[in-house]
Each structure stands twice: as C-alpha cells, then as structure tokens.
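Enquirer: Chains A and B, in that order, are what the protein sequence lines are.
Heads up: the first sequence begins at 15 in the working numbering, then just goes up one per residue.
Heads up: the second sequence begins at 15 in the working numbering, then just goes up one per residue.
Number of protein chains: 2
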Amino acid sequence: MSLLKNKILVVASDLFQTRGINSTGVDTIVAVAGTTKMTLYKYFNSKEALILEVLAKGHQDFQTWLNDKLTTNTRKPSEKLQKLFDFIEEWVTSPDFRGMGFIKASAEFPNEENPIHQLSSEQSRQFKQYISSLAVDAGIQDADGLALQLSLLFEGAVQAEQMKRGSGAIKYAKKAAKILIDGALTN
Amino acid sequence: MSLLKNKILVVASDLFQTRGINSTGVDTIVAVAGTTKMTLYKYFNSKEALILEVLAKGHQDFQTWLNDKLTTNTRKPSEKLQKLFDFIEEWVTSPDFRGMGFIKASAEFPNEENPIHQLSSEQSRQFKQYISSLAVDAGIQDADGLALQLSLLFEGAVQAEQMKRGSGAIKYAKKAAKILIDGALTN
DNA sequence: AATTACATATACAGGTCTGTATATAGATTT
DNA sequence: AAATCTATATACAGACCTGTATATGTAATT
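Here you go:
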C-alpha cells in the first residue's frame, strides 16, 4: 500500500475518533496528512469509501493485536477467556486509545441500510463471534450467551471511556467479566 | 410550554435518533413538525440550544418513567435493584424505543469541551448515580462499583440494540445483571 | 374596529461540504 | 533528451447548512 494512502488512513482515523466523522471534512484530513484532495480522491472514490476503509483497517488492526496477545501469552483455552479483559484494559488505557471505530460509526449513521452502519454492525458481530469461539474452546455450554454478555461489558466500557477518559470503567468491567466467566465455567 | 415548541422537540428527538444529529438539518425538522424556521428560532436560540433541550427532555422523561415504574411496582429496596432491568427491558423492547440520547450525542460530539458532550457525560453520571442510590438502599457495600457495572451492561445493551434492533442483547444483559446483583447482595 | 400576538411564507446572506477540472512541478524511466 | 508517473496547487461548481430579514396572514384581546 502506498505510503500516502496509509498516511491518509491513519490521519482520517484519528480525526474521525477525536472530532467525529461527519464533523471532519476531507479538506481537514488532507491538510493534516500534508497532501491534497486530488491525491485523496485518487486512492478513495468518495468520503464514504474512505470511512469504510478506515473502519475496516481499525477493526483488523485491533483484532490482530488482540489475537496476537492472546496466543502469545496464554496456554490453556480457558486462560484466553480469563485474560481477555486484561488485554482489553491494556488497550483501553493506552494513551493512543481513541475509542472503538464501529461504536461511534453506528451512532453517527443510525440508518440500518447505510453501508457504514452495516459494516459497523458486521464488525460488532464478528467480535462477538470471536469471543464466542474462545468460550467454546474453554468448554462453556452457552458460549454465545457468555460472549454476548462480555461484549456488552466491553462495548459499555469503551463507551464510558470514550465519554470520559480515565473513568476507570474498565476496571469494573474486568471484575464483572471475571464473575460471569467463573460462573459459566463452573456450570 | 407551547404546543409548537413541544412538537418541535418531539420531532427533533425522533429525527436525531433515527438519522443522526449532524445529518438532520433544521429545515427537515420544521418540515416534519409542520412549521417554519422562524418559529423554531423563536423558541430556540440556535440548533445547539435545541439539541441540548432535546437531550435534557429525553433524559428527564426516561428517568421519570423509570422511577415511577420502580416506586409503583416494588416494595423492598432490594427489589428495586432486582427489577431494574425488567423495566429497562420493557423500555428497550418497546416499539417506540429509539436509543438513549446521551449515548449517541457523545459519539457525535466527542470533544470533551463541547457543551453537548458535557451534558451527555453529566446525564450518564446522573444515571449511574441513580443506580448507585438503589444499591445503597439495598444495603450493598460497594454500591458505586455495582452501579458502574450495571450501567456498563445497560449502555452496552442499548448500544447493541441501537446497532441491530431485536438483537436480544437485553435478555442477556438482564441475566448478567442478576448474577452481579446477587453476588453483591450476599457479600 | 383597532391593536397585539403569534405563525407563516419566502428569500437570501455567508459559510462549509464533496467532488472535479485545470495547470504545474519534480522524479523516474525509456 | 523525451516521455511518463506521481503529487501538488488552485480554483470552482453545485449542494447543503445555519441563521436572519422582510412581508403577509390570522386569531384573540382591548
């Protein structure tokens, strides 16, 4: 991928998260990225296409990062589930944390027929599915149910952290997750 | 309050939730409300002032509704806490449900210095405080901690329901809430 | 009947937005 | 040296946005 294209994606992602998607014009993006609109529209057919790529990249980066963390630092399958929120905490409390793309995007584009909303919804589904696979490996019966509950805690904590940095919500999300996981494991 | 002003508030609230705040122009609002911009700007100094009033009214209506439900249908303090998510489920699954105002608003206005963001943040804090007071009455030690966890579940479920109607997230949020509450009560 | 209060109708100023058109500069390749 | 590729610089069309100015209508009150 072109260096410039990547720069545009990185800058756009940051601006979307910190200022909102609709509030961020392409003029601002190219100014911060140090390029021009002509170049942006060479790599992206429209602003919507740019948004979709930003979302896709953000989700992919997060999933890759999380999966690497889990496979590198755990051995037993049940361990993955229990350490999940440790890594999520690491991610949320990092200074670079800017929120979860699909959460904000779905709020800014509430219409269910909007492509951006649909991608957000799909990413949320995939993340839940990923947690569910961890739960299945850990031998949990209602894996989808637990995955849904954990993803609620996750999305709630990210939401809280987006609303007020340093809220400490993730600490309590972690505690709640532990209770729910332990309960599901002993059943 | 003037009938027209109320009509504008109701229409604006609905449009903000279903199409997004930034994507909804005042022209659309007055067209749907069956009035004109002159009237709108007589009752509201600016679009921002309208947004703030819509948020305030939405939060007040919800809090009033919830509090009435709880005081009418419960006797013991601990009962309130346990029935909390029953009424939240009733609210979320109602056909009129359009999401929680402050969740979407904080996503569309991420800047912490923005008045709309600040009001959203304050409303989130107040709701958490309300749950905490229920927990205190129920004799729970770490009332604030449990309240935070329950509000995470709540915001996560609302987020999930906004993203995909009929996701059933609230059912599992309810189960998770029961586990957390029971655990906190027996400590 | 005249005044007052409220709402409508319409137009527009000034700004911002997306997306494109045109011309230019620099670097690499042939 | 000429051609090609990539990016820049700049301007602009067309649409939409907020907020206001002006003129008109209509109902209630005095």
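Ideal Cβ placement from N, Cα and C applies to all residues, glycine included.
This structure is a prediction, so every number in the text was calculated from the model and none was measured.
Just to confirm my understanding: we take B:I287, look at its own chain, exclude 5 residues before and 5 after, and list those with CB closer than 7 Å. What are they?
Expert: In this structure chain B extends from 15 to 201, so residue 287 of chain B is not present and cannot be described.
Enquirer: Output yes or no for whether 7 Å exceeds the beta carbon distance between B:V68 and B:A47.
Expert: The sequence position of residue 68 of chain B within the second sequence is 54, counting from 1. The sequence position of residue 47 of chain B within the second sequence is 33, counting from 1. Not closer than 7 Å, so no.
Enquirer: Report the CB separation of A:F99 from A:L80 in whole angstroms; it is logged as a contact under 8 Å.
Expert: Taking the first residue of the first sequence as 1, we reach residue 99 of chain A at position 85. Taking the first residue of the first sequence as 1, we reach residue 80 of chain A at position 66. Contact between A:F99 and A:L80 is ruled out by a C-beta separation of about 11 Å, above the 8 Å threshold.
Enquirer: Is the Cβ of B:K188 closer than 7 Å to any Cβ of chain A?
Expert: Walking along the second sequence from the start, residue 188 of chain B turns up at place 174. No, B:K188 does not count as interfacial toward chain A.
Enquirer: For chain A, find out if any of its Cβ atoms is closer than 7 Å to the Cβ of B:Q163; answer yes or no.
Expert: The residue labelled residue 163 of chain B in the question sits at position 149 within the second sequence. Yes, B:Q163 counts as interfacial toward chain A.
Enquirer: State the start and end residues of the unbroken alpha helix (DSSP H) segment that holds A:M177.
Expert: By one-based count along the first sequence, residue 177 of chain A stands at place 163. From DSSP, the alpha helix (DSSP H) with A:M177 extends over A157 to M177.
Enquirer: Straight-line CA distance for B:G197 to A:D28?
Expert: Stepping through the second sequence from its first residue, residue 197 of chain B is reached at position 183. Stepping through the first sequence from its first residue, residue 28 of chain A is reached at position 14. When rounded, the distance between both Cα atoms is 40 Å.
Enquirer: In chain A, which residues lie less than 7 Å from B:F123 when you measure between Cβ atoms?
Expert: Taking the first residue of the second sequence as 1, we reach residue 123 of chain B at position 109. The answer, in chain order, is G34.
Enquirer: Less than 7 Å between the beta carbons of B:L66 and B:L133, yes or no?
Expert: For this step, residue 66 of chain B is matched to residue 52 along the second sequence. For this step, residue 133 of chain B is matched to residue 119 along the second sequence. In this structure, B:L133 lies closer than 7 Å to B:L66 by Cβ.
Enquirer: Given a cut-off of 7 Å on the beta-carbon distance, is the pair A:S194 and B:A190 in contact?
Expert: Locating residue 194 of chain A in the first sequence gives position 180, counting from the first residue. Locating residue 190 of chain B in the second sequence gives position 176, counting from the first residue. This sequence places Leu at residue 194 of chain A; Ser is not what is there. Cβ atoms of A:L194 and B:A190: closer than 7 Å.
Enquirer: Would you say B:A26 lies against chain A (beta-carbon separation less than 7 Å)?
Expert: The residue labelled residue 26 of chain B in the question sits at position 12 within the second sequence. B:A26 does not count as touching chain A.
Enquirer: Run down chain A in chain order and give the residues with a C-beta less than 9 Å from the C-beta of B:G153.
Expert: The sequence position of residue 153 of chain B within the second sequence is 139, counting from 1. Result: empty, since nearest Cβ-Cβ is about 19 Å, beyond 9 Å.
Enquirer: Could you tell me if A:G34 is buried or exposed, where buried requires 16 or more neighbouring beta carbons within 10 angstroms of its beta carbon?
Expert: As a first step, residue 34 of chain A must be located in the first sequence, where it is residue number 20. Buried, by the Cβ-count rule.
Enquirer: Quick check on the DSSP output: the alpha helix (DSSP H) that includes B:T38 runs from which residue to which?
Expert: Sequence index remark: in the second sequence, residue 38 of chain B carries index 24 (1-based). Where B:T38 is concerned, there is no enclosing alpha helix (DSSP H), given that its DSSP letter is neither H nor E.
Enquirer: May I ask which residues mark the beginning and end of the alpha helix (DSSP H) holding B:A119?
Expert: Start at 1 with the first residue of the second sequence, and residue 119 of chain B comes out as number 105. Counting along the chain, the alpha helix (DSSP H) containing B:A119 begins and ends at G115 to E122.
Enquirer: B:M15: buried (16+ other C-beta within 10 angstroms of its C-beta) or exposed?
Expert: The residue you call residue 15 of chain B lines up with position 1 of the second sequence. Here B:M15 is exposed, its C-beta having fewer than 16 other C-beta atoms within 10 Å.
Enquirer: Since I believe A:L199 is in contact with A:I154 (beta carbons under 8 Å), could you give me their beta-carbon distance rounded to a whole number of angstroms?
Expert: In the first sequence, counting from the first residue as 1, residue 154 of chain A sits at position 140. In the first sequence, counting from the first residue as 1, residue 199 of chain A sits at position 185. Rounded, the Cβ-Cβ distance is 7 Å, consistent with contact.
Enquirer: Mapping the DSSP letters down to three states, classify B:F111 as helix, strand or coil.
Expert: Residue 111 of chain B sits at position 97 when you count from the first residue of the second sequence. Look at B:F111 here: in three-state DSSP terms it is coil, with no helix or strand label.
Enquirer: Please list, in chain order, all residues of the same chain as B:E175 whose beta carbon is under 8 Å from its beta carbon, the five residues on each side excluded.
Expert: Stepping through the second sequence from its first residue, residue 175 of chain B is reached at position 161. The answer, listed in chain order, is V106, F111, G113, S181, A183 and I184.
Enquirer: For A:M52, report the span of its alpha helix (DSSP H) as first-last.
Expert: The residue you call residue 52 of chain A lines up with position 38 of the first sequence. Looking at the DSSP string, the run of the alpha helix (DSSP H) that includes A:M52 is K51 to Y57.
Enquirer: Taking C-beta to C-beta, are B:L95 and B:A152 nearer than 7 Å?
Expert: Counting from one through the second sequence, the residue named residue 95 of chain B turns up at place 81. Counting from one through the second sequence, the residue named residue 152 of chain B turns up at place 138. Yes; because the gap between Cβ atoms is below 7 Å, this pair is in contact.
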